[in-house]
Amino acid sequence: MAHGADDNGVPDGVDASLRSVAGSEGGGGPGSADGLIAALRGSVDPSGRPAPASQRRPRRGDVATYRVRVELTGTNPPLWRRLELDSDLFLNEVHGILQTVFGWQDYHLHRFASGPLYYSDDTEYYLAPFEAAEGETGIPEEQVRLDEVLAEAGDRLFYLYDFGDDWEHLITLQAVLPRTENVPKARCTDGKRPAPAEDCGGIGGYELQVAATDPGHPDHTAALAEYRASFGEESDPGEFAPAPFEIDATNAALTALSTPPPTNLPGPVADLVAATRDPAAARRLYELIDQAGLGEPADIDPTDAAAMVHPYAWLLDHVGTEGIKLTGAGYLPPASVEAAAAELDLGKEWIGKLNREIQTYPVFHLRTSAQALGLLRKHRGRLLPTPAGRRAKSDPSTLWNHLAQRLPLKTGHVHERQAGLLLLLAVAAERGGGFQVAADILNGIGWRLDGHTPLVHTDASGAARDTTDVLSRIGAATTDGWPPQLRTLPHGSAFARAALRSWPD
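The sequence shown: position 161 = 719 (my numbering), numbered continuously.
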């Protein structure tokens, strides 16, 4: 469409004009061209109504310490935390701090606001990246500093998290103090009451859970009955109990929040770091990367390599140079299935006659994964070795390195690729609970079931199943019990490190 206005009511060509006036093509500061553009867009409501007058004030010339009290409005008695914050923090940084202090997981949208009330025609809104990208009325939060919206004792700022449960945080500036050198940018000094669980139903759901999980609460009996009437007689409110306030743990989490992300990472691992938006999930990812020891040796003795790759080496040898004629449905013939079951001793892990591939999953996965790994291919009804398969068949070290270079298995689904990568990190780190860690980080990236339900460990294990099965088949890792628990086996960490260093983009 030519010569009109964009979705924010800003006439065409204004962006370029502002950049010309500002003498800049970009940059995010309020005095930059992009800052001026954002300010103009924020001053026009899509409905045509003028936006409220700006609540922002000039930034301080020095950095002070702000003592603030943050209260969840509507809680009784009040649920609050007292913080000391550097005055030059940007609001996107304050968002991460509030998420950490209250134990939120950044599963939902949020928004800052300055005005008489959160919901008011006179309130100015400061937008999260998603809202800014969607053209909502307001100023991008990463362009607004804390000292622009809080300047004097008594000033207030609102922070709304989860537009469904509607958690409204009231941030009140209590004192402006000289900044002490060599102290964290954010620290918690006091607080009362446990923090709510995600998706507990807002204030009403939180207060119900508090009473239902506390036998000493005067309303415990009635609350427990109400909870079970709503969620079933067998339901346990303790599964979603509010998290107790522990000031030392809170400050440890705040300190970790300021830890810079690791550098000099393989491309896909660096992409994973960049994609992880939730501060708590980012911390877990940094810890996992550190524990994975990507700079440590990833070598293996040829004898150990031969033991690990034996299933694939045997299959390549069985297929041979001339290949195997497949059934009309494209499966291995019964004789090959029986031979594989005998060679790999599959009677210990699978039931049945072990003579039909469609009914013998370990053989089916061995064959299909060999194709996905680039060792075998189908051609005119035959299963044939690829050039890479022929080269690797008689050299265990070459085959070991080839498998490492091809994991995680390629997939068209981004979350499966990320789950496979997280699984390799967990194996390299020899980290127990790897599936739950992967689920937490995938949630921190923003993945949800049906667009809103957070993932759990079984979702992560399902997303990474093909990669897990390869690791299990070569003896790099195993999954025990139900729900499945990931465990690294000898030489598994070296194999996972080799895979992480060479994973293709």
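Backbone N, C-alpha and C fix where the C-beta goes; we use that ideal spot for every residue, glycine too. Keep in mind that this is a model prediction, so the values were computed, not measured.
| message | Spatial neighbours of P841 within its chain, please: C-beta separation below 6 Å, excluding the five flanking residues on both sides. | response | Contrary to the premise, residue 841 reads as Arg rather than Pro in this sequence. Excluding positions up to five away in sequence, the list reads A814.
| Just checking my contact of P869 with P800 at CB under 8 Å: how many whole Å lie between their CB atoms? | With a Cβ gap of about 49 Å, P869 and P800 do not count as contacting.
| task | Entirely within the stretch 651-736 and at least 3 residues each: give me those beta strand (DSSP E) ranges in chain order. | result | You should have 668-672, 682-685, 714-719 and 725-736.
| task | Going by DSSP, name the residue or residues bridged to L1044. | result | DSSP lists T1037 as partners of L1044.
| What number of angstroms, rounded off, separates the C-alpha of R925 from the C-alpha of A1022? | C-alpha separation (whole angstroms): 18 Å.
| field | For P698 and L685, believed in contact at Cβ under 8 Å, the rounded distance | value | At roughly 6 Å, the Cβ-Cβ gap stays under 8 Å, so L685 and P698 are in contact.
| Where does A783 land, buried or exposed, given buried means 16+ other C-beta within 10 angstroms? | Of the other Cβ atoms in all chains shown, fewer than 16 fall within 10 Å of the Cβ of A783; this residue is therefore exposed.
| How big is the Cα-Cα spacing for W1040 and E694? | Distance between the alpha carbons of W1040 and E694: 45 Å.
| task | Between the Cα of E915 and those of A900, V652 and L890, spot the shortest distance and give me the residue it belongs to. | result | Measuring from the Cα of E915, the nearest candidate turns out to be L890.
| request: Using beta-carbon positions only, say whether L904 and P892 come within less than 8 Å of one another. | output: No, they are not a contact pair.
| said: Would D680 and P610 be called neighbours here (beta carbons separated by less than 8 Å)? | reply: The answer is yes: Cβ separation under 8 Å.
| query | Near G654, which residues of its chain fall below 7 Å by C-beta distance, leaving aside the five closest residues on each side in sequence? | reply | Here the set comprises L815 and P837.
| Just curious, the alpha helix (DSSP H) that V985 is in, first and last residue? | Start and end: V972 to A986.
| query | Taking the C-alpha atoms as reference points, what is the distance between L647 and L708? | reply | Cα to Cα, the separation comes out at about 11 Å.
| field | Residues that G749 bridges to, as DSSP identifies them | value | For G749, which the question treats as bridged, DSSP gives the partners R639.
| field | Pair within 8 Å by beta-carbon distance, P954 and A864 | value | Contact: yes.
| said: Quick check on the burial criterion: 16 or more other C-beta atoms within 10 angstroms. Buried or exposed for K936? | reply: Exposed, since its Cβ has fewer than 16 Cβ neighbours within 10 Å.
| field | Local conformation of T817 per DSSP, three classes | value | Here T817 sits in coil by DSSP.
| task | Compute the beta-carbon to beta-carbon distance between H1010 and Q994, rounded to the nearest angstrom, for a pair I have assumed lies under 8 Å. | result | Not confirmed; about 20 Å, so no contact.
| field | Close Cβ partners of W958 (< 7 Å) along its chain, the five nearest in sequence each way excluded | value | So the list reads I858, A863, M866 and V867, once near-sequence residues are dropped.
| query | Is the Cβ-Cβ distance between A1056 and A850 less than 8 Å? | reply | Going by C-beta atoms, A1056 is not nearer than 8 Å to A850.
| request: Quickly, what does DSSP pair A744 with across the bridge? List them, please. | output: The secondary-structure analysis by DSSP pairs A744 across a beta bridge with L643.
| query | How many Å lie between P802 and Y677 at the Cα? | reply | The C-alpha of P802 lies about 30 Å from the C-alpha of Y677.
| query | Are the stretch 1031-1038 and the stretch 826-834 touching by the rule of at least three beta carbon pairs closer than 8 Å? | reply | Touching, no.
| Start and end residues, alpha helix (DSSP H) containing L957 | Per DSSP, the continuous alpha helix (DSSP H) segment holding L957 begins and ends at P954 to Q963.
| task | Report the rounded CA-to-CA distance for E689 versus A839, giving the unit in angstroms. | result | Distance between the alpha carbons of E689 and A839 is about 22 Å.
| Within this structure, are the beta carbons of L983 and L846 separated by less than 8 Å? | Yes, the pair counts as a contact, with Cβ atoms nearer than the cut-off.
| task | Reducing DSSP to helix, strand and coil, say where P776 ends up. | result | In the structure shown, P776 sits in coil (DSSP, three-state: anything other than H, G, I, E or B).
| request: Mind reading off the beta-carbon distance from D720 to H666? Whole number of angstroms is fine, and I expect it under 8 Å. | output: Between D720 and H666 the beta-carbon gap is near 4 Å, inside 8 Å, which marks them as a contact.
| query | Do you know how far the Cα of E792 is from the Cα of A1054? | reply | Computed Cα separation, rounded: 42 Å.
| query | First and last residue of the alpha helix (DSSP H) that includes P860? | reply | Segment P860 to V877, the alpha helix (DSSP H) holding P860.
| 8 Å Cβ cutoff met for C746 and L812 | If you check the CB distance, C746 and L812 come in under 8 Å.
| query | Taking C-beta to C-beta, are V659 and T808 nearer than 8 Å? | reply | Yes, Cβ-Cβ distance for V659 and T808 is below 8 Å.
| message | What does DSSP give as the partner residue(s) for H937 in the beta ladder? | response | In the DSSP secondary-structure assignment, H937 is bridged to R940.
| query | How long is the line joining the alpha carbons of L1013 and W1005, rounded to whole angstroms? | reply | Rounded to whole angstroms, L1013 to W1005 spans 7 Å at the Cα level.
| field | Endpoints, the beta strand (DSSP E) within which E756 is located | value | From DSSP, E756 is part of no beta strand (DSSP E); its letter is neither H nor E.
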